[in-house]
Ligand SMILES: [Ca+2]
Ligand SMILES: [Ca+2]
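Residue numbers (the numbering used here): 2 to 406.
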């Protein structure tokens, strides 16, 4: 489902909503005391740390200030949507209704009600992230000035910078960052659901620390119909955002596609088309066109590829480009996607003081640690016999090592 389908859902919901109205009133009355209590006791964080990516067709989005929006670590603060005149999108509920036995499209019993400033207070939603990211990345204002109404003050809401429409839980983004409505967004590589068979929209998606927010825009308006849409990503073991590997060691990666499952669920399947995998140092990230980065190799027919960490220590993006469709062979239907890999410095057994060489100073340092208990050492280098402890056996091993050299 993309933005257009979100809109269709909204139309269906309006027609389906009448039957649920009486029931909704009864629910509000019966649940009032419970929600009031919850609002008092729950303490939401004042901000949320997320990873944020925006792409257009095969590449990551490049802002007017040449910033590449790939795995941006973004601290999104809570702010009142009234600063933007967007009170109709106050957070109300992650779940839109009672759907236990419902089968089929939409949810005729959805009873989501408009939220209130009190109920929404302190809750950071994906809408907050979109507004905040628009201000600091697309408009280029300082982080400390963002989240304070800039888009409204500059009369940018309703323009091609950011143009939300609709109502609570049915927010439809008509224009975003100079692009039209032909995009999709996922939360932690999943199509966000408000209830079974019913998609939620950014205003009702709560964010948590470490969440991944991806937004993919496409030129081809049928992208979402292709069986190979929509978000590529890479896993290292169970990790999907950040993996670590020591220099000169290897890391096994698998390229996945997060796409359509049945009834608006999400399927995660390894990419079998042997896509090229590329990497770039985060310090050198100057283009969102992934195929211009360093070529690592092609994934095999199971989507697997090994990352050889022979490069300098630091943080790297390891990604695939957006891909052509299975049915739409001439259109890009999936986003660029990948993982951040941190390459840590190779350990040097025996270099207790971490100065790059192994000599008698290291022996003295280790003895000092063992005798006095407290001193700064490079712990990874001190367990010479690799038994998990640092003790006199390591001191003996180091002495032996020095005598032998
Ligand atoms: Ca040393
Ligand atoms: Ca040891």
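Glycine is no exception: its CB is placed at the ideal position from the N, C-alpha and C atoms.
query: Bridge partners - residue 305, DSSP secondary structure assignment; result: 255
query: CA-to-CA distance, residue 298 to residue 29, given in whole angstroms; result: Here residue 29 scores only 37 on pLDDT, less than 50, and its place in the model should not be relied on; the value that follows carries that caveat. Taking the straight line from one Cα to the other gives about 57 angstroms.
query: Sub-8 angstroms separation of residue 231 and residue 335 beta-carbons; result: yes
query: Closer than 7 angstroms: residue 378 CB and nearest ligand 2 heavy atom; result: no
query: Distance between residue 229 and residue 260 (C-alpha atoms, nearest Å); result: 7 angstroms
query: Contact test: residue 1 Cβ vs ligand 2 heavy atom, cutoff 7 angstroms; result: Any question about residue 1 goes unanswered here, given that the chain covers just 2 to 406.
query: Residues bridged to residue 319 (per DSSP); result: 280, 340
query: Helix, strand or coil at residue 137 [DSSP, three-state]; result: helix
query: Bridge partner(s) assigned by DSSP for residue 295; result: 280
query: 6 angstroms CB neighbourhood of residue 253 in its chain, flanking five on each side removed; result: 307
query: Check: residue 386 C-beta below 7 angstroms from any heavy atom of ligand 2; result: yes
query: Shell residues, 7 angstroms Cβ cut-off relative to heavy atoms of ligand 1; result: 352, 353, 354, 355, 356, 357, 358, 359, 360, 362, 363
query: Near ligand 4: residue 394 beta-carbon under 7 angstroms from a heavy atom; result: In the structure on display, ligand 4 does not appear, and the ligands it does have are ligand 1 and ligand 2.
query: Close beta carbons around residue 395, own chain, < 7 angstroms, minus the five adjacent residues each side; result: 367, 383, 384, 385, 386
query: Burial state of residue 74, where buried means 16 or more other Cβ atoms lie within 10 Å; result: exposed
query: Residue 177 in three-state terms, based on DSSP; result: strand
query: Member of 235, 4, 169 whose CA lies at the smallest distance from the CA of residue 93; result: 169
query: For residue 126, the nearest candidate out of 339, 159, 90, 59 (CA to CA); result: 90
query: Residue 86 versus residue 115: straight-line alpha-carbon distance, rounded; result: 14 angstroms
query: Straight-line gap, residue 271 to residue 258 (C-alpha atoms, nearest Å); result: 6 angstroms
query: Inter-residue spacing [alpha-carbon to alpha-carbon] between residue 206 and residue 212; result: 11 angstroms
query: Reduced DSSP secondary structure (H/G/I, E/B, other) of residue 389; result: coil
query: Inter-residue spacing [alpha-carbon to alpha-carbon] between residue 311 and residue 277; result: 19 angstroms
query: Residue 392 versus residue 377 - alpha carbon distance; result: 15 angstroms
query: Where residue 399 falls, given that 16 or more other Cβ within 10 Å makes a residue buried; result: buried
query: With 16 other Cβ atoms within 10 Å as the buried cut-off, status of residue 172; result: buried
query: Residue 132 and residue 157 closer than 8 angstroms at C-beta; result: no
query: Secondary structure of residue 60, DSSP reduced to three states; result: strand
query: Bridge partner(s) assigned by DSSP for residue 49; result: 77
query: Chain D within 8 angstroms of residue 264, Cβ atoms only; result: Absent from the structure is chain D; it holds one protein chain and no more.
query: Where residue 129 falls: helix, strand or coil (DSSP); result: helix
query: Own chain partners of residue 202 with C-beta closer than 7 angstroms, once the 5 adjacent residues on each side are dropped; result: 7, 170, 171, 172
query: Exposed unless 16 or more other CB atoms sit within 10 angstroms - verdict on residue 145; result: exposed
query: CA-to-CA distance, residue 249 to residue 314, given in whole angstroms; result: 10 angstroms
query: Contact belief for residue 76 with residue 139 at Cβ below 8 angstroms, rounded distance in angstroms; result: Not confirmed; about 17 angstroms, so no contact.
query: Secondary structure of residue 166, DSSP reduced to three states; result: strand
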